[in-house]
Amino acid sequence: MGGIYGLIALGFTLIWNAAAVVNFAQGEFCMVSGFLILTFFVHWGWPFPAAFLAAIVLSGVLGVIVERTTIRPIRGADPLTAIITTLGVSIFLSNSAKFVWGTHPFHFPSIFGDKPIQFGKITLIPQNLWIIGIISTLVVGLYLFFFQTITGKVMRAVAQDRETASLMGISVNRMIGMIFGLSAVLGGLAGILLAPIIYVASDIGLALVLKAFMGAVIGGFGSLPGALIGGIVIGISENLSAFYISSDYKDVIAFGVLIAILIFKPSGLFSKK
Amino acid sequence: MTRLLETRKLTKKFGGLTAINEVDLSVEEGRITALIGPNGSGKTTYFNLLTGVYPPNEGEIFFDHENLAGMKPSFIARRGISRTFQNIQLFQRLTILENVMVAQDFHCRSTILGVYLRTRAVVREEEEVRRNAKSFLDLVGLKGMEDQEARNLPYGAQRLLEIARALATRPKLLLLDEPAAGMNITESSDLMSLIKKIRDQGITILLVEHDMRVVMGISERVAVLNFGQKIAEGSPEEVKKNADVIQAYLGRGKKRA
Amino acid sequence: MKKILSWFFFLLFLSLPLWLPHYPLHLACTVGIFVILAVSLNIIVGFTGQISLGHAAFFAVGAYTSSLLAMKFGVPFWIGIFAAGIVSFGFGILLGIPTLRVRDIYLSVVTICFGLMVQLALVNLEPITGGARGIYGIPRPSVGDFAFMTPQSFYYIILFFALLTIFSTLRLLRSRFGRAFLSIRENELAAETVGVRTTYYKILAFAISSFYAGLAGSLYAHYVSYINPDAFTFGTSVDVLVMIVIGGLGNVWGSVIGAFVITLLPEYLRFMQQYYRAVFGLGLIFMMVFMRSGIITVFQRVPWARSLSK
Numbered sequence: 001m002g003g004i005y006g007l008i009a010l011g012f013t014l015i016w017n018a019a020a021v022v023n024f025a026q027g028e029f030c031m032v033s034g035f036l037i038l039t040f041f042v043h044w045g046w047p048f049p050a051a052f053l054a055a056i057v058l059s060g061v062l063g064v065i066v067e068r069t070t071i072r073p074i075r076g077a078d079p080l081t082a083i084i085t086t087l088g089v090s091i092f093l094s095n096s097a098k099f100v101w102g103t104h105p106f107h108f109p110s111i112f113g114d115k116p117i118q119f120g121k122i123t124l125i126p127q128n129l130w131i132i133g134i135i136s137t138l139v140v141g142l143y144l145f146f147f148q149t150i151t152g153k154v155m156r157a158v159a160q161d162r163e164t165a166s167l168m169g170i171s172v173n174r175m176i177g178m179i180f181g182l183s184a185v186l187g188g189l190a191g192i193l194l195a196p197i198i199y200v201a202s203d204i205g206l207a208l209v210l211k212a213f214m215g216a217v218i219g220g221f222g223s224l225p226g227a228l229i230g231g232i233v234i235g236i237s238e239n240l241s242a243f244y245i246s247s248d249y250k251d252v253i254a255f256g257v258l259i260a261i262l263i264f265k266p267s268g269l270f271s272k273k
Numbered sequence: 001m002t003r004l005l006e007t008r009k010l011t012k013k014f015g016g017l018t019a020i021n022e023v024d025l026s027v028e029e030g031r032i033t034a035l036i037g038p039n040g041s042g043k044t045t046y047f048n049l050l051t052g053v054y055p056p057n058e059g060e061i062f063f064d065h066e067n068l069a070g071m072k073p074s075f076i077a078r079r080g081i082s083r084t085f086q087n088i089q090l091f092q093r094l095t096i097l098e099n100v101m102v103a104q105d106f107h108c109r110s111t112i113l114g115v116y117l118r119t120r121a122v123v124r125e126e127e128e129v130r131r132n133a134k135s136f137l138d139l140v141g142l143k144g145m146e147d148q149e150a151r152n153l154p155y156g157a158q159r160l161l162e163i164a165r166a167l168a169t170r171p172k173l174l175l176l177d178e179p180a181a182g183m184n185i186t187e188s189s190d191l192m193s194l195i196k197k198i199r200d201q202g203i204t205i206l207l208v209e210h211d212m213r214v215v216m217g218i219s220e221r222v223a224v225l226n227f228g229q230k231i232a233e234g235s236p237e238e239v240k241k242n243a244d245v246i247q248a249y250l251g252r253g254k255k256r257a
Numbered sequence: 001m002k003k004i005l006s007w008f009f010f011l012l013f014l015s016l017p018l019w020l021p022h023y024p025l026h027l028a029c030t031v032g033i034f035v036i037l038a039v040s041l042n043i044i045v046g047f048t049g050q051i052s053l054g055h056a057a058f059f060a061v062g063a064y065t066s067s068l069l070a071m072k073f074g075v076p077f078w079i080g081i082f083a084a085g086i087v088s089f090g091f092g093i094l095l096g097i098p099t100l101r102v103r104d105i106y107l108s109v110v111t112i113c114f115g116l117m118v119q120l121a122l123v124n125l126e127p128i129t130g131g132a133r134g135i136y137g138i139p140r141p142s143v144g145d146f147a148f149m150t151p152q153s154f155y156y157i158i159l160f161f162a163l164l165t166i167f168s169t170l171r172l173l174r175s176r177f178g179r180a181f182l183s184i185r186e187n188e189l190a191a192e193t194v195g196v197r198t199t200y201y202k203i204l205a206f207a208i209s210s211f212y213a214g215l216a217g218s219l220y221a222h223y224v225s226y227i228n229p230d231a232f233t234f235g236t237s238v239d240v241l242v243m244i245v246i247g248g249l250g251n252v253w254g255s256v257i258g259a260f261v262i263t264l265l266p267e268y269l270r271f272m273q274q275y276y277r278a279v280f281g282l283g284l285i286f287m288m289v290f291m292r293s294g295i296i297t298v299f300q301r302v303p304w305a306r307s308l309s310k
């Protein structure tokens with residue numbers, strides 16, 4: 001669970017670093033891909049790998065489209081404008097989803113098996129193992145991408161210092177488009193992984209974005225590994241507090257904690273200092 | 001002559017860099033004191049420390065026998081220290097008049113309730129604030145443009161507005177950060193008489209300036225900073241002849257005369 | 001010229017209940033409530049430059065305070081609405097305090113969380129708030145024997161408070177308080193340097209704003225007679241924010257226009273029922289890209305129209 005939040009947070013942070021925009025629509029990317037894979041796999045009966053690929057690719061495309069049409073024009077405007085714009089995207093996407101797929105939550109069958117495996121005292125569901133596996137592989141893959149490939153390094157450059165990057169001849173616009181695409185893919189992947197755990201519905205976007213934000217903040221806003229770790233922390237604590245305290249209040253507590261952290265330690269746990 | 005302002009062992013570090021290093025400086029009441037030094041010697045940082053923009057790492061700032069080190073800028077302003085900024089920090093979308101009116105805010109007594117009910121006291125105070133603002137603008141030479149937005153002003157006028165606004169807080173000590181930057185000979189001469197006029201009204205002035213004509217022309221005392229440390233202090237003539245000072249400037253590049 | 005127009009509009013709005021059919025009049029009442037919300041939010045966002053996405057919380061607090069006082073203690077509306085304002089005022093101070101340490105994006109998240117926390121609390125505190133079911137049967141206000149049972153009569157109460165809000169806010173903003181708020185918006189550091197106690201003024205902005213929002217909440221509760229947490233969602237906060245942004249930040253009349261537009265738009269676009277919200281999202285994006293300073297700028301370009309900024 002935490003890993004999934006981490007993914008979303010990662011995409012979120014990427015965009016923030018690159019474009020100084022808080023992407024409220026990040027959660028919608030998850031939602032859309034969840035619906036896409038639902039349609040492809042469940043409704044249309046495509047084989048799983050094909051459906052998976054299609055959903056991911058389309059998510060990426062969606063990300064790029066969003067960037068081109070909405071973010072590019074408002075580059076450099078004040079934070080409030082950016083917030084409203086991404087909110088607008090989020091509203092548009094979640095409501096469009098509503099009339100394409102309806103408002104009822106959909107249950108997504110578990111692909112990796114529901115039957116728990118016993119390891120001594122701990123019960124594990126194969127699904128969760130798969131998720132952790134996928135995410136770990138992804139993290140390694142991303143690490144390699146960012147640090148070993150040229151495109152990855154260029155992306156990091158853009159994320160760190162946009163002006164210098166453009167002075168050095170890097171096409172910043174294209175890069176930011178790609179970064180959005182990548183974030184959308186990450187969000188999409190998260191959405192797919194989430195689908196069997198939570199139902200697929202058009203209104204899950206907001207809660208996801210908030211948790212992603214929490215993760216990003218805890219890990220130190222602007223720090224990529226921090227975002228991932230932060231997401232994991234959130235996932236874990238969310239489940240723990242639901243278990244020990246009270247399921248109703250877990251959100252309230254989470255928000256309270258978030259506010260507290262923002263006030264007292266704005267740079268998060270792994271800040272860039 | 002009383003010492004209005006005195007800093008003792010004032011120190012400010014940014015990470016590994018010590019921007020201000022144990023600076024002991026005093027400013028006498030009613031005089032014009034200049035703070036000079038090569039670029040990067042820490043003059044603006046010193047101002048920022050004095051006005052509470054940064055808290056110092058060590059040291060004390062005694063103003064009127066009170067240690068202001070580490071206080072918030074609004075507190076320090078209310079105690080009587082006010083400043084202009086080297087890079088203009090006006091309220092861009094407010095009018096010229098409003099820029100100067102808002103600086104009088106902490107002198108106002110009007111309450112919210114009074115404002116809502118539009119009591120006579122409130123109306124009177126509002127008129128008074130407006131009148132005062134106009135007179136400050138008049139003093140610096142910006143008469144007649146009251147309702148223009150600050151951002152539409154030419155650069156020189158903006159600098160004057162900064163001064164008018166700083167004066168509106170009725171400070172005892174006025175810090176001027178490079179007021180003559182970008183001015184030609186005529187403008188800087190006007191500036192010099194303005195500063196003297198302000199001093200004659202009883203306001204103590206500490207000024208940071210690169211233009212040596214202005215410094216030599218109006219300062220009564222000069223202090224020199226280099227690499228965050230005070231290297232000389234005295235009358236303008238003494239400082240001009242001081243070997244360390246000359247070295248500091250020559251060592252860094254040409255000295256502006 | 002301006003005077004004639006003002007009187008015309010004033011008399012027009014005064015006369016609405018006499019000739020407007022039932023449903024549009026109900027809309028007018030709704031618009032009135034949102035006018036109050038929009039103008040109040042503008043104090044924080046447009047004038048003091050802080051971001052607040054949790055305004056629905058104050059709306060809710062006002063509504064519940066007034067309803068509970070009326071239902072459980074039989075407090076008459078006229079006192080209840082005032083109490084609602086005061087309690088919201090307190091909550092405003094509560095939210096104001098964290099905002100001191102936090103800027104921009106982080107601030108938006110803090111305010112969102114605040115709004116959500118209040119909503120969740122309302123759902124969960126069943127014994128007091130009636131939980132998800134809400135409170136129903138909230139009485140209409142009355143003076144002596146006359147009860148304001150019809151939309152026609154209640155309209156006047158709403159009109160009264162809406163005008164009160166608008167004009168008192170205009171007056172506030174033309175005073176030293178308004179200047180102080182604006183200075184914080186324009187350049188917080190410079191404001192501090194000239195002695196403006198930004199801490200105090202930021203909290204004050206939140207508090208005053210929430211006072212008005214509380215009034216609106218009370219009006220809402222007694223008008224529709226039934227409230228539940230669903231009326232006070234993040235979406236509501238967003239709506240109010242959108243109202244002031246498209247109307248024109250930092251302009252009281254702009255927020256009035258914004259309130260009209262956002263409340264009435266779904267009605268005019270009935271035929272697009274399903275797609276409305278999606279189009280709304282698109283519209284937001286469009287506005288941000290092309291008309292960022294709001295609708296009021298249209299008025300400002302026409303020379304004879306008043307641009308009552310502040």
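Top to bottom, those sequences are chains A, B and C.
At the far end of the first sequence sits residue 273, using this note's numbering, and the numbering has no gaps.
At the far end of the second sequence sits residue 257, using this note's numbering, and the numbering has no gaps.
At the far end of the third sequence sits residue 310, using this note's numbering, and the numbering has no gaps.
By construction, the Cβ of each residue, glycine as well, lies at the ideal position given by its N, Cα and C atoms.
Just so we're clear, the structure is a prediction, and the values are computed from it rather than from any experiment.
Near-chain A residues of the region 275 to 298 of chain C (beta-carbon distance less than 9 Å), N- to C-terminal order: Those would be 275, 276, 277, 278, 279, 280, 281, 282, 283, 284, 285, 286, 287, 288, 289, 290, 292, in chain order.
Continuous alpha helix (DSSP H) stretch holding residue 6(C): start and end: That run of the alpha helix (DSSP H) goes 2 to 19.
Coarse secondary structure for residue 24(B), derived from DSSP in three states: DSSP places residue 24(B) in the strand class (E or B) of the three-state scheme.
Residues that residue 223(B) bridges to, as DSSP identifies them: Residue 223(B) pairs with 35(B), 233(B).
contact_flag[the region 20 to 29 of chain C, the region 73 to 84 of chain B] where n(CB pairs < 8 Å) is 3 or more: Per the Cβ contact rule, the region 20 to 29 of chain C is not in contact with the region 73 to 84 of chain B (fewer than 3 Cβ pairs under 8 Å).
Endpoints, alpha helix (DSSP H) assigned at residue 107(C): 104 to 124 is the span of the alpha helix (DSSP H), which, as asked, contains residue 107(C).
6 Å Cβ shell around residue 63(C) - same chain, five flanking residues per side excluded: The answer, listed in chain order, is 217, 220, 221, 227.
Neighbourhood of residue 133(B) by C-beta distance below 6 Å, restricted to the same chain and skipping five residues each side: Once the five neighbours on either side are set aside, the close Cβ partners of residue 133(B) are 97, 100, 101.
Those runs of the alpha helix (DSSP H) which lie wholly inside the region 64 to 95 of chain B and span at least 4 residues: Those alpha helix (DSSP H) runs which fall completely within the region 64 to 95 of chain B and span 4+ residues are 73 to 79.
Selection from 225(C), 246(C), 73(C) that minimises the alpha carbon distance to residue 261(C): It is 246(C) whose Cα lies nearest to the Cα of residue 261(C).
Cutoff 8 Å: residue 131(B) Cβ touching any chain C Cβ: Taking Cβ atoms only, chain C never reaches closer than 8 Å to residue 131(B), which makes this a no.
Any chain C beta carbon closer than 8 Å to residue 198(B): Chain C, which has no Cβ nearer than 8 Å to the Cβ of residue 198(B), makes this no.
Any chain A beta carbon closer than 8 Å to residue 243(C): By this cut-off, residue 243(C) is not an interface position.
Cutoff 6 Å; reference residue 177(A); Cβ partners in own chain excluding five residues on either side: Cβ neighbours of residue 177(A) beyond the five flanking positions: 64, 67.
Residues from the region 109 to 126 of chain C in contact with chain A, defined by Cβ distance under 9 Å: Per Cβ criterion, the list reads 109, 110, 112, 113, 114, 116, 117, 120, 121, 123, 124.
Cutoff 8 Å: residue 252(C) Cβ touching any chain A Cβ: Using a Cβ-Cβ cut-off of 8 Å, residue 252(C) does not count as an interface residue toward chain A, since no Cβ of chain A sits closer than that to its own.
Amino acids of chain C, ordered along the chain, whose beta-carbon sits closer than 8 Å to that of residue 91(A): By Cβ distance, chain C contributes 238, 277, 278, 280, 281, 284.
Residue-chain proximity (residue 230(C), chain A), Cβ-Cβ < 8 Å: No, its Cβ sits nowhere closer than 8 Å to a Cβ of chain A.
Proximal chain B residues relative to residue 198(C), where beta-carbon distance stays under 7 Å: Near residue 198(C) (Cβ distances below 7 Å), the residues of chain B are 74.
Helix, strand or coil at residue 181(B) according to DSSP, with G and I counted as helix: Residue 181(B) falls in the coil class under three-state DSSP.
Under 7 Å by beta carbon: chain C residues contacting residue 96(A): The answer, in chain order, is 278.
Span of the beta strand (DSSP E), counted from its first residue to its last, around residue 9(B): Segment 3 to 14, the beta strand (DSSP E) holding residue 9(B).
Test item: CB-CB of residue 88(C) and residue 167(C) under 8 Å: Going by C-beta atoms, residue 88(C) is not nearer than 8 Å to residue 167(C).
Buried or exposed by the 16-neighbour rule on C-beta atoms within 10 Å, applied to residue 219(B): Residue 219(B) is buried by the Cβ-count criterion.
Euclidean distance between Cα positions of residue 65(B) and residue 99(C): Residue 65(B) and residue 99(C): Cα-Cα distance of roughly 34 Å.
Chain C contact for residue 259(A) (CB, 8 Å cutoff): With 8 Å as the cut-off, residue 259(A) counts as an interface residue toward chain C.
Delimiting residues of the beta strand (DSSP E) encompassing residue 208(B): Segment 204 to 208, the beta strand (DSSP E) holding residue 208(B).
8 Å Cβ cut-off: residues of chain C touching residue 91(B): Against chain C, a Cβ distance below 8 Å from residue 91(B) picks out 182, 183, 186, 187, 190, 191.
Closer than 7 Å at the beta carbon, the chain B residues around residue 177(C): At a C-beta separation below 7 Å, residue 177(C) has these neighbours in chain B: 112, 115.
Residue burial classification, residue 268(C) (beta-carbon count within 10 angstroms, cutoff 16): Counting other Cβ atoms within 10 Å of its Cβ, residue 268(C) stays below 16 and is therefore classed as exposed.
Within-8 Å CB hit, residue 194(C) to chain B: Taking Cβ atoms only, chain B reaches closer than 8 Å to residue 194(C), which makes this a yes.
Contacts around residue 14(C), its chain only, beta-carbon distance under 8 Å, and the 5 residues preceding and following it disregarded: Within the same chain, 159 come within 8 Å of residue 14(C) by CB-CB distance, once the 5 residues on both sides are set aside.
C-alpha gap between residue 95(B) and residue 250(C), whole angstroms: The alpha-carbon atoms of residue 95(B) and residue 250(C) are separated by roughly 15 Å.
is_contact[residue 181(B), chain C] using C-beta, thresh 8 Å: Residue 181(B) has a beta carbon lying at 8 Å or more from every beta carbon in chain C.
is_contact[residue 51(C), chain A] using C-beta, thresh 8 Å: Interface residue, yes.
Those residues which DSSP pairs with residue 61(B) across a bridge: Looking at the DSSP assignment, residue 61(B) forms a beta bridge with 7(B).
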